[in-house]
Amino acid sequence: MAKEGKKSSTLDEVIKELYLCNKCGFCQTACKVYKTDLNESFSARGRVQLIKGVAEGRLPVDEGFRDAVNSCLLCQECAVACPSGVKPHELVLAARRYMQQTEGLPLDKKIILGTLADPFRRKVAFSTARFLRNNVSNRIEGFNELKGIDVRGMPIDKVGFIDQVPELNKAQASKGRVGFFVGCFINHSLAKTGHAIVKVLNKNAIDVVVPKKQLCCGTPQNAYGDFELAKKNARKNIRLFKDLDAVVTGCGSCGAMLKKEYLHLFADEPEFLPEVEAFAQKIFDFSAYVMHEIKLDPEKFKVFNHKVTYHDGCHMARGLKITKEPREILKSIPRIEYVELREADRCCGAAGLFQSYFYEIAKDISRQKVQNIENTGADIIVTGCPACVHRIQGSLRLAGKEQKVVHLADLLAEAYQ
Ligand code: SF4
Ligand code: SF4
């Protein structure tokens, strides 16, 4: 329960940054949640002030505080807008960690985060979800969505990608070798994207190693304050990919976690930090690897008569700062008509568990994304984040639209046919 008056080390660590906020409000226009809900507590500035109040012991951790802190998308838009260098999303993470440490996670979150972190429990959960979708929700007439999530259209693979491929996927006349960090979404519901990534790399003479024992990157646990669980998985992942010089991911959130957040997780372990830094340096998003390390030959692509636009996932654009690579790759495909999407780097409304806990706000945010997509006239929407593929494709389908949402690797693999 509330820890009124009690300072935590987690909030003490960010107290200096909390005082940097001068309440100017420049971040308000950047915060999608605030712009949708118009509630000061659900804005970047409001969250920072509430966290400061708790850190100083003036305010309790109550329902209002929990909602304010949990309703953040962690999209990082506010940090870009802030002239004082405040990173409200990092303060939100510190507050979530504080809540986890002082009062524990609510049971539902504890179960979800624990399930995602454990490969066996995760496999059972996805198989159960697949069974329920096929045998229950798809048979109920009129049942189309659950809290704005397209449960009917959600792809869930019968066998996970990691179990579909060998550990070593050899290319002909190979010139190099990379590890592939698959991530939960590609593993369980976008296996086709996993195959596309292997295909594009193999086509370019790169062997792909898919370590069977890889674990969830830790993004969901980190996002809700369970640093210890995130760290446990992170340590194993770092050791598992130790012998590989480069590791490719097909997910902006996994990529940002592996490349940036692992450094924060282990900041208090100086003896392990050099290993974490070496690991971070060899992480590549698929688009960055393809663009800078392979240098694709567009002459090998078939002509692709489609009007295409690109959506940047939050962690891809602001976490990894990758925006140019996917666009340049798309524009290199013969005859593709590329059109820019308005607010391309604005959150699609998914944001992990946000979409199920704050679903009315999530639906509004997704509606804006659908409208912007409609305005482009594109028939294919490309992104580099599997969670965005699901959210945008689901929102389009629920709105009765026909456009297809694909991962960049899916499109490239098709262009090679
Ligand atoms: S990270 Fe996004 S949702 Fe959270 S306060 Fe900043 S702009 Fe708002
Ligand atoms: S977080 Fe930055 S932009 Fe927002 S109110 Fe504080 S100082 Fe201003």
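Note that this note's numbering has the sequence shown beginning at 2, numbered continuously upward. Yeah, the Cβ is synthetic: ideal placement off N, Cα and C, and Gly gets one too. Quick caveat: nothing in here was measured; it's all calculated off a predicted structure.
Under the Cβ criterion (8 Å, minimum of three pairs), the region 103–118 counts as touching the region 219–227. Going by C-alpha positions, Asn-188 is about 33 Å away from Asn-376. Runs of the alpha helix (DSSP H) lying entirely within the region 167–192, each at least 4 residues long, are 185–190 in chain order. Inclusion of Phe-287 and Val-277 in the CB contact set at 7 Å is not warranted, their separation being larger than that value. Pairwise C-beta distances place the region 184–200 out of contact with the region 231–242, as fewer than three of them are shorter than 8 Å.
According to DSSP, Phe-121 shares a beta bridge with no other residue. When only Cα atoms are considered, Cys-349 and Met-258 end up about 19 Å apart. When the beta-carbon positions are compared, Val-248 and Gly-177 stay at least 7 Å from each other. Take Gly-54, set aside five residues on each side of it, and the residues of its chain with a beta-carbon closer than 6 Å to its own are Leu-60, in chain order. Ile-382 sits in a strand when the DSSP states are folded into three classes. Collapsing the DSSP output to three states places Leu-147 in a strand. Between the C-alpha atoms of Lys-261 and Gly-353 there is a straight-line separation of about 18 Å. A direct Cα-to-Cα measurement between Cys-83 and Arg-67 gives close to 23 Å.
By the criterion of a C-beta distance shorter than 7 Å, Asp-38 is surrounded in its chain by Ile-362, once the five residues flanking it on both sides are discounted. Put simply, of Val-291, Glu-104, Leu-117 and Val-15 the residue whose alpha carbon is nearest the alpha carbon of Lys-325 is Val-291. Annotated three-state conformation of His-307 is coil, per DSSP. Rounded to the nearest whole angstrom, the C-alpha separation of Ile-239 and Val-152 is 34 Å.
Placement of the Cβ of Ala-96 at a distance of 6 Å or more from every heavy atom of ligand 1 is found. Taking C-alpha positions only, Ile-382 is separated from Asp-13 by approximately 43 Å.
The beta carbons of Thr-310 and Gly-251 sit no closer together than 7 Å. The Cβ atoms of Asn-170 and Ile-295 do not sit closer than 7 Å to each other. Between the region 269–283 and the region 335–345 there are fewer than three inter-stretch CB-CB distances shorter than 8 Å, so the stretches are not counted as touching. The Cβ atoms of Leu-241 and Gln-215 sit closer than 7 Å to each other. By the Cβ-count criterion, Gly-385 is buried, with 16 or more other Cβ atoms from all chains shown falling within 10 Å of its own Cβ. Asn-135 and Lys-364 have their alpha carbons spaced roughly 24 Å apart. Here Gly-395 is buried. Its C-beta has 16 or more other C-beta atoms within 10 Å. Ranked by Cα distance from Arg-319, the first of Asn-139, Ala-289, Val-70 and Leu-75 is Leu-75. Check the Cα spacing between Ser-128 and each of Lys-159, Arg-98, Leu-117 and Leu-108: the tightest is with Lys-159. Tyr-360 is positioned such that its CB atom lies closer than 7 Å to that of Gly-149.
With respect to His-316, Ser-254 sits close: the two C-beta atoms are nearer than 7 Å. Scanning its chain for C-beta atoms nearer than 8 Å, with the 5 sequence neighbours on each side dropped, one finds around Pro-212 the residues Glu-168, Gly-180, Leu-241 and Phe-242, in chain order. Checking the 6 Å criterion, the Cβ of His-90 is within range of a heavy atom belonging to ligand 1. Phe-355 counts as buried, since no fewer than 16 other beta carbons sit within 10 angstroms of its beta carbon. DSSP, read as helix, strand or coil, puts Tyr-339 in strand.
In this structure, ligand 2 has a non-hydrogen atom nearer than 6 Å to the beta-carbon of Ala-45. With fewer than 16 other Cβ atoms inside 10 Å of its own Cβ, Asn-139 counts as exposed.
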